[in-house]
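Numbering (numbering that gives the first Met the number 0), first residue to last: 0 to 258. All remarks here apply to the structure that follows.
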Amino acid sequence: MSELDNILNVAIKLAEASSSCAKEAWLGDIAVTYKADGSSLTEADLSIEATWRDRIRQQFPAHGILGEEYGSDTGTSAFTWVLDPIDGTRQFGTGLLNFASLISVCRDGNPIVGIIDLPLIDARYIAAEGRGTMFDGRSVRSSRQREIQTARISLANPESFTGDAAQGYERLRASGRLKVFDGGAPAYGALSRGLIDVCLNGTDLDAYDICALCPVVTEAGGAISDWAGDSLTLASSGAIVACASFELHATVLEMLGQA
Numbered sequence: 000m001s002e003l004d005n006i007l008n009v010a011i012k013l014a015e016a017s018s019s020c021a022k023e024a025w026l027g028d029i030a031v032t033y034k035a036d037g038s039s040l041t042e043a044d045l046s047i048e049a050t051w052r053d054r055i056r057q058q059f060p061a062h063g064i065l066g067e068e069y070g071s072d073t074g075t076s077a078f079t080w081v082l083d084p085i086d087g088t089r090q091f092g093t094g095l096l097n098f099a100s101l102i103s104v105c106r107d108g109n110p111i112v113g114i115i116d117l118p119l120i121d122a123r124y125i126a127a128e129g130r131g132t133m134f135d136g137r138s139v140r141s142s143r144q145r146e147i148q149t150a151r152i153s154l155a156n157p158e159s160f161t162g163d164a165a166q167g168y169e170r171l172r173a174s175g176r177l178k179v180f181d182g183g184a185p186a187y188g189a190l191s192r193g194l195i196d197v198c199l200n201g202t203d204l205d206a207y208d209i210c211a212l213c214p215v216v217t218e219a220g221g222a223i224s225d226w227a228g229d230s231l232t233l234a235s236s237g238a239i240v241a242c243a244s245f246e247l248h249a250t251v252l253e254m255l256g257q258a
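Printed below as a string of structure tokens:
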């Protein structure tokens, strides 16, 4: 078994193990607290990430770990695990459906493994470098949509588009055939299987929100970057955009006024 296969297998097992925990927590009485920055926090966020970290340390003691809840542990190898146990805690904590658990592995800062786990339906998007994107056990591909006029567009919460990003948001909101809002990480998964053509997020993202999305999109034939068109890495934060094709990606970047 190759090193990448071993890492991918462990990542899948982490997602499988946490899925039932997240679902059980969502079905129960959800107690929400708030961090100093105003973002939401639940016990599920803490317990899932703690479990993931313990298992990663057991399997790969030299690997680094970056998680939303417990910060960064620097490793001695080229690999860093990037974890968001409940991406969309605001939705999770209010009983809404569009949240996910995100697991990524970066090599030299570049995302090479990505999992978007959907606990409520026990399904997940799984992608690894050179291995394509899988959903619910089958290979998926983006729509390869090229035209913005007929594109299906997922836009994040309007409040996340601040400063100059608000103008780009408005230009894209006025385009396309169909718009959905605040789709979160599941929207990027939907793009990978041809159901959405453009995903746009504003300036409120961090690496643990971003890294897992990258292999899922690119291994399905799509394109993903920051608003300047630069590749996303472990050091990335802020506004991002993903598209079903490179042609559509170029068009959207031009509309955002950053390319």
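Ideal Cβ placement from N, Cα and C applies to all residues, glycine included. Predicted, not measured: the structure shown is a model, and the values here were computed from it.
Environment of residue i [buried if 16+ CB atoms lie within 10 Å]
i	result
N8	exposed
M133	buried
S76	exposed
P60	exposed
L247	buried
E218	buried
L82	buried
A222	buried
R123	buried
F245	exposed
G167	buried
E15	exposed
E48	buried
E68	buried
G113	buried
L190	buried
L177	exposed
A241	buried
A206	buried
Reduced DSSP secondary structure (H/G/I, E/B, other) of residue i
i	result
C213	helix
A155	coil
A258	Residue confidence is low: A258 scores 41 on pLDDT, short of 50, so the model does not pin down where it sits. No coordinate-derived value is stated.
G113	strand
I149	Here residue 149 turns out to be Thr, not Ile, going by the sequence shown. Helix, per DSSP.
F91	helix
H248	helix
S290	Only positions 0 to 258 of the chain appear in this structure, which leaves residue 290 out of reach.
G167	helix
L3	helix
S235	coil
G131	strand
S18	helix
V9	helix
I120	helix
L199	strand
A243	coil
R140	coil
E253	helix
A184	helix
T126	Per the sequence shown, residue 126 should be read as Ala rather than Thr. Residue state, collapsed to three classes: strand.
L194	coil
L26	helix
CB of residue i within 9 angstroms of CB of residue j, strictly
i	j	result
G94	N156	no
T41	A24	yes
C213	S103	yes
C198	L101	no
L233	P110	yes
A243	A184	no
A99	D121	no
V262	G188	One cannot answer for residue 262 here, as it falls past the ends of the chain, which runs 0 to 258.
A238	F180	no
R54	D72	no
G92	I29	yes
Cβ of residue i within 9 angstroms of any chain C Cβ
i	result
T250	Here chain C cannot be found, since the structure has a single protein chain.
The region 52 to 69 / the region 25 to 33 touching (three or more Cβ pairs under 8 angstroms): no
At least three beta-carbon pairs within less than 8 angstroms, the region 167 to 175 to the region 130 to 145: no
Hey, is the region 107 to 127 in contact with the region 0 to 14, meaning 3+ C-beta pairs nearer than 8 angstroms? yes
Whole runs of the alpha helix (DSSP H) within the region 32 to 107, excluding any shorter than 4 residues: 42 to 58, 88 to 92
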